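S.K.:
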Amino acid sequence: MGIIELEDVSLSFGEHHILHRLSIDFWEAHIHAVVGPNGAGKSTLAHTIMGLPEYRGHSGDIRFNGKSIKDLSINERAKLGITLAWQEPARFHGIPVGEFIQRAAGKKVTEDVARESLNLVGLDPDRYLERDVDATLSGGERKRIELASIVAMKPKVVLMDEPDSGVDIDAINSIFEVLATLREQGTTVIMITHSGEVLKHADHAFLLCNGALVDKGTVEKLSSYFERKCVPCTHKNVPDKEVLV
Amino acid sequence: MSNQSALDRLLSTINMHSHSFGPDVAHVEIHGNKVLNTTLVDGLDVESTETSRGVDVNITVEKGTVIEAPVYFCFGMLENGLQHIRMKVHFKEGARAHFISHCTFSAAAEVEHLMDADIRLDPGSEYTYFERHIHSESRGIKVVPKAKIELGENSRFSTEFELIKGRVGLIDIDYEATCGDNSVLELLSRISGRADDMIKIREAGWLKGRNSRGLLTSNIAVRNQAVAEIFNELTATAPGAKGHVDCNEIVQDQARAKAIPIVDCRHPKAHITHEAAIGSVDSKQLQTLMSRGLDEEEAVEMIIQGLLRK
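First to last, the protein sequences are chains A and B.
All residue numbers for the first sequence refer to my numbering, where the first residue is 37 and numbers rise by one.
All residue numbers for the second sequence refer to my numbering, where the first residue is 1291 and numbers rise by one.
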């Protein structure tokens, strides 16, 4: 049994079928990668698990530790330990990094925890605690600050949407070190990615195409997708029914 | 009520007292039409005349004077009534000072506070002005500040208006500034309105000098049935003049907000931009905080407090 289980989850917006009968188990204390072409439904999957309002109208069920979370709001899911890091983190005018990390940990944590979290993501607390989480920070800095806020939260499940988006090589290495640390502490990480480099940091992977699960298995197995040897899917974003896992 | 008693009560409404100020700190306190105290430092002249409706105040910072410590003003009303302040401010060449002004009406329910200011900055001077309003929970506060500002060459005028405690009632700001060569104008308003509060802001900057700069920023939050109308206008007529108009308004409940930025560029080597974000709380900000476990009300409050923060 996975810590997060999807059972026959489908989601449509009007006539557009975004997720198609997904049944997936995400095992505890593993780093999972969800890969696939643009428009495959990867980010939608993350947003659906998090329970964002626009994605609540799915069929099927989503369970956390065996209990359905389908009817829970975002913050109710977060209180269970599920959280989301965005591809492009939000900017917060007038909110200093320290307060963002302290408050964004659900219940207020101490400044020491905020400092430790910043250190862990490779940012000097003395330089960042007082700065606002706004446009004066680079995308990479905001990405790491968002991760620091997640570390402070001590989550059970982290949904990471494109962890390498907009960050330099040093930052991405720092992010992967943090994700590995989280895994050691028992956290389940679900990375949404279309990068072969990101996939290498996973323990297990799922291939989505046109909202359907078309393959799953080891990183080695799924890496063929990035080597343009994607069998069985032809990558026209329209998988044949017989290739669905 | 004696002057000392009124002074003590007035300062207590802003959590200060007479001993809050060091010996080298200038401070002036005015209650209604009474000047309760005037403590000055070298290079700062303040002449005040009590009138039937308020006080006329002439402030001069002498040539080359740099006042290191902030200069404090406190305008207030401990009971209902009218306070009309007519103020002339003159920063002479090279003068530099930071004023902090508290306008406190937390002890009164029906107050009309009118401010007419003429501000003149000579070349090379720098005047920063922070004005914090503390109002009661009554809807009967009416604040109408008007200012005409003239910035000389290489001068800088920066003002920040804050009204986030108590009810707004009615606020009607009208500032107009003319900028000389290489001068810098910055006007920032941070106001939170609720119930049937009415917020009107009109700020106009004329970038007439070469390489003059102007920044007009309004950060407003309205909820319940409050209304905000923001008219920000920058006009550039000189080469190298640059300006930006920035309006951020968060609207909740049945509140209404309107922003009308006018950018008028009359020289090919001038440049003005504007940006406005008006509406409900940004969904990504909200969902980010909620995905950390904050409930919706906590998340909204945190975002609004951030917007209204300095």
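Quick reminder that beta carbons are idealized off the backbone N, C-alpha and C, glycines included.
Here the structure is a predicted model, which means the values were calculated and not measured.
I'd like to know if the stretch 1404-1422 of chain B and the stretch 1365-1375 of chain B are in contact, where contact means that at least 3 CB-CB pairs between them fall below 8 Å.
M.R.: Verdict: yes, contact present.
S.K.: With distances taken between CB atoms, is the gap from residue 196(A) to residue 141(A) smaller than 8 Å?
M.R.: For residue 196(A) and residue 141(A), no; Cβs fall outside 8 Å.
S.K.: Would you say residue 1575(B) lies against chain A (beta-carbon separation less than 8 Å)?
M.R.: With 8 Å as the cut-off, residue 1575(B) counts as an interface residue toward chain A.
S.K.: Less than 6 Å between C-beta atoms, sequence neighbours within five positions excluded: which residues of the same chain meet that for residue 1453(B)?
M.R.: Excluding sequence neighbours, residue 1453(B) sits near 1423, 1481.
S.K.: Determine contact between the stretch 1521-1541 of chain B and the stretch 1489-1504 of chain B, defined as no fewer than three beta-carbon pairs at a distance below 8 Å.
M.R.: Short answer: they touch.
S.K.: Report the rounded CA-to-CA distance for residue 1395(B) versus residue 1366(B), giving the unit in angstroms.
M.R.: Their backbone Cα atoms lie some 6 Å apart in a straight line.
S.K.: Kindly indicate which three-state DSSP category residue 1582(B) falls into: helix, strand or coil?
M.R.: Coil, per DSSP.
S.K.: How many whole angstroms separate the CB atoms of residue 1463(B) and residue 1492(B), which I take to be in contact at a CB cut-off of 8 Å?
M.R.: Right, the Cβ-Cβ distance comes to about 7 Å (below 8 Å), so this counts as a contact.
S.K.: Which partner residues does residue 1319(B) have in the DSSP bridge list?
M.R.: The partner list for residue 1319(B) (beta bridge, DSSP) reads 1327(B), 1364(B).
S.K.: Would you say residue 137(A) and residue 185(A) are within 8 Å of each other, going by their C-beta atoms?
M.R.: A contact, by the Cβ cut-off of 8 Å.
S.K.: At a cut-off of 7 Å, would you count residue 171(A) as near the ligand NAD, judging by its Cβ distance to the nearest heavy atom?
M.R.: Inclusion of the ligand NAD in the displayed structure is not the case, the ligand content being empty and no account of it being possible.
S.K.: Should the stretch 1464-1484 of chain B be regarded as contacting the stretch 1504-1513 of chain B, the criterion being three or more beta carbon pairs within less than 8 Å?
M.R.: The stretch 1464-1484 of chain B is in contact with the stretch 1504-1513 of chain B.
S.K.: I need the DSSP call for residue 214(A), collapsed to helix, strand or coil.
M.R.: Helix, per DSSP.
S.K.: For a cutoff of 8 Å on Cβ pairs, would you count residue 128(A) as touching chain B?
M.R.: Cβ-Cβ to chain B under 8 Å: yes for residue 128(A).
S.K.: For residue 182(A), which of helix, strand or coil comes out of DSSP?
M.R.: Note: residue 182(A) maps to helix in three-state DSSP.
S.K.: Under a Cβ-count criterion, where at least 16 other Cβ atoms within 10 Å of its own Cβ denotes burial, should residue 52(A) be classed as buried or exposed?
M.R.: By the neighbour-count rule (16 or more Cβ atoms within 10 Å), residue 52(A) is not buried but exposed.
S.K.: Below 8 Å on the Cβ atoms is my guess for residue 1524(B) versus residue 1497(B); work out the distance and round it to an integer in Å.
M.R.: At roughly 7 Å, the Cβ-Cβ gap stays under 8 Å, so residue 1524(B) and residue 1497(B) are in contact.
S.K.: Quick one: which chain A residues come within Cβ less than 7 Å of residue 1582(B)?
M.R.: Neighbours of residue 1582(B) on chain A, chain order: 114, 119, 140, 141, 142, 185, 189.
S.K.: Does residue 1507(B) get closer than 8 Å to chain A when you measure Cβ to Cβ?
M.R.: Chain A contact via Cβ: absent.
S.K.: If we cut at 8 Å on Cβ distances, does residue 1503(B) have a partner in chain A?
M.R.: With 8 Å as the cut-off, residue 1503(B) does not count as an interface residue toward chain A.
S.K.: Taking all protein chains shown into account, decide if residue 1547(B) is buried (16 or more other Cβ within 10 angstroms of its Cβ) or exposed.
M.R.: With 16 or more Cβ atoms within 10 Å of its Cβ, residue 1547(B) is classed as buried.
S.K.: Return the chain-ordered list of same chain residues with a C-beta closer than 7 Å to the C-beta of residue 1456(B), the five sequence neighbours on each side being excluded.
M.R.: 1396, 1424, 1425, 1426, 1427, listed in sequence order.
S.K.: Is the CB-CB distance between residue 45(A) and residue 110(A) below 8 Å?
M.R.: Cβ distance not < 8 Å, so residue 45(A) and residue 110(A) don't count as in contact.
S.K.: Pick out the complete beta strand (DSSP E) segments inside the stretch 1540-1597 of chain B, 3 residues or longer, and give them in chain order.
M.R.: Those beta strand (DSSP E) runs which fall completely within the stretch 1540-1597 of chain B and span 3+ residues are 1546-1555, 1561-1569.
S.K.: Using DSSP bridges, identify the partner residues of residue 63(A).
M.R.: Beta-bridge pairing links residue 63(A) to no other residue.
S.K.: If you run the structure through DSSP and keep just helix, strand and coil, what is residue 1392(B)?
M.R.: Of the three classes helix, strand and coil, the one that applies to residue 1392(B) here is strand, per DSSP.
S.K.: Does the stretch 1330-1337 of chain B come close enough to the stretch 1354-1369 of chain B to have 3 or more Cβ pairs within less than 8 Å?
M.R.: Cβ pair count under 8 Å is three or more, so yes.
S.K.: Under the three-state reduction of DSSP, which class applies to residue 1308(B): helix, strand or coil?
M.R.: Three-state result, residue 1308(B): helix.
S.K.: So which of 121(A), 115(A), 94(A), 132(A) has the shortest CA-CA distance to residue 169(A)?
M.R.: Ranking the options by Cα distance to residue 169(A), first place goes to 132(A).
S.K.: Give a yes or no on whether 8 Å exceeds the smallest Cβ distance from residue 110(A) to chain B.
M.R.: Yes - at least one Cβ of chain B is within 8 Å of the one on residue 110(A).
S.K.: Taking C-alpha atoms, which residue in 134(A), 69(A), 86(A) lies nearest to residue 287(A)?
M.R.: What is shown of chain A runs 37 to 281, which leaves residue 287(A) out entirely.
S.K.: Can you give me the C-alpha to C-alpha distance between residue 1442(B) and residue 1564(B), rounded to a whole angstrom?
M.R.: Cα to Cα, residue 1442(B) sits roughly 25 Å from residue 1564(B).
S.K.: Considering only C-alpha positions, which residue in the set 1402(B), 1440(B), 1486(B) is nearest to residue 1321(B)?
M.R.: Checking every option, the nearest Cα to that of residue 1321(B) belongs to 1402(B).
S.K.: Counting only Cβ pairs nearer than 8 Å, list the residues of chain B close to residue 40(A).
M.R.: Going along chain B, no residue has its Cβ under 8 Å from residue 40(A), so there is no contact; the nearest lies around 15 Å.
S.K.: Measuring only between beta-carbons, confirm whether residue 227(A) sits less than 8 Å from chain B.
M.R.: No, residue 227(A) does not count as interfacial toward chain B.
S.K.: Return the chain-ordered list of same chain residues with a C-beta closer than 8 Å to the C-beta of residue 1592(B), the five sequence neighbours on each side being excluded.
M.R.: 1579, 1584.
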